Amino acid sequence: MDKRKIGVTLVVITLLLGIVLVNLITDSSTIAKEKGCFQNNECSSISYTLSASHLGIGILFALLSLGIYLVIFGRTEERLLQQLEQQNQQLSREDKLKIVALLLSENEKKVFNTILEHEGITQNTLRIKTDLSKATVSQILADFEKKNIIKKESKGKTYSIFLKADF
2 MDKRKIGVTL
12 VVITLLLGIV
22 LVNLITDSST
32 IAKEKGCFQN
42 NECSSISYTL
52 SASHLGIGIL
62 FALLSLGIYL
72 VIFGRTEERL
82 LQQLEQQNQQ
92 LSREDKLKIV
102 ALLLSENEKK
112 VFNTILEHEG
122 ITQNTLRIKT
132 DLSKATVSQI
142 LADFEKKNII
152 KKESKGKTYS
162 IFLKADF
């Protein structure tokens with residue numbers, strides 16, 4: 002459930018319980034004054050009711066404060082999340098490429114940059130341009146596929162390598 006809805010519900014319930022509790026305190030005080038209970042030991046139940054009602058008022062104020070907090074800061078949290086999402090969407094292609102390049106080893110960087118420069122390069126040509134062994138290139142490409150960085154398209158007996166559309 003949304004924090005704001007919980008907060009509003011909590012505030013409404015607290016206000017309703019507060020009204021009931023204030024009426025109870027007023028009625029108990031009126032009865033106590035009529036009977037002169039504050040000087041008598043016979044009216045301990047009324048005294049107990051008044052003490053419990055004051056405790057209830059304290060709890061109601063705590064609930065009211067919590068409800069107001071949830072209403073106010075629920076909105077703030079939503080705004081912050083929206084701003085973060087907008088900033089993430091605004092990352093440019095260059096920024097994404099820089100981030101990916103930071104996470105790659107030297108051989109992986111060679112392969113990645115070559116694919117970036119020559120979109121649709123065949124696996125065999127990639128091996129020649131990077132001056133890496135066939136097994137190394139194949140392993141790096143398999144890792145890239147697992148990480149969803151590239152996609153392979155069959156081209157005869159070899160594959161053409163393309164970067165995913167996310168970049």
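Every position in the sequence shown, counted from 1, becomes a number in the working numbering once 1 is added. Backbone N, C-alpha and C fix where the C-beta goes; we use that ideal spot for every residue, glycine too. As the structure is a prediction and not an experimental result, all values here were calculated from the model.
Counting C-beta atoms within 10 angstroms of its own C-beta, THR15 has 16 or more neighbours from the protein chains shown and is therefore classed as buried. Residues LEU11 of the same chain have their beta carbon placed closer than 7 Å to that of LEU67, with the five preceding and five following residues left out of the count. LEU82 and GLY59 have their alpha carbons spaced roughly 34 Å apart.
In this chain, the alpha helix (DSSP H) harbouring LEU18 covers 4 to 36. Boundaries for ILE162: no alpha helix (DSSP H) harbours it, while the beta strand (DSSP E) harbouring it runs 159 to 164, taken from the DSSP string. Contact fails between the stretch 120 to 134 and the stretch 88 to 95, because fewer than three Cβ pairs, one in each stretch, are under 8 Å apart. Excluding sequence positions up to five before and after SER30, its CB lies less than 6 Å from no other CB in the same chain. Contact between ILE129 and ILE162 does not hold, since the beta-carbon distance rounds to 13 Å and is not under 8 Å. Beta-bridge analysis with DSSP links GLU154 to SER161. Counting along the chain, the unbroken alpha helix (DSSP H) around GLU146 starts and ends at 135 to 147. Unbroken alpha helix (DSSP H) runs of no fewer than 4 residues, entirely contained in the stretch 70 to 141, are found at 94 to 103, 107 to 118 and 124 to 131, following chain order. Between VAL138 and VAL101, the C-beta spacing is not below 8 Å. One alpha carbon belongs to GLY19, the other to HIS55, and they sit about 11 Å apart.
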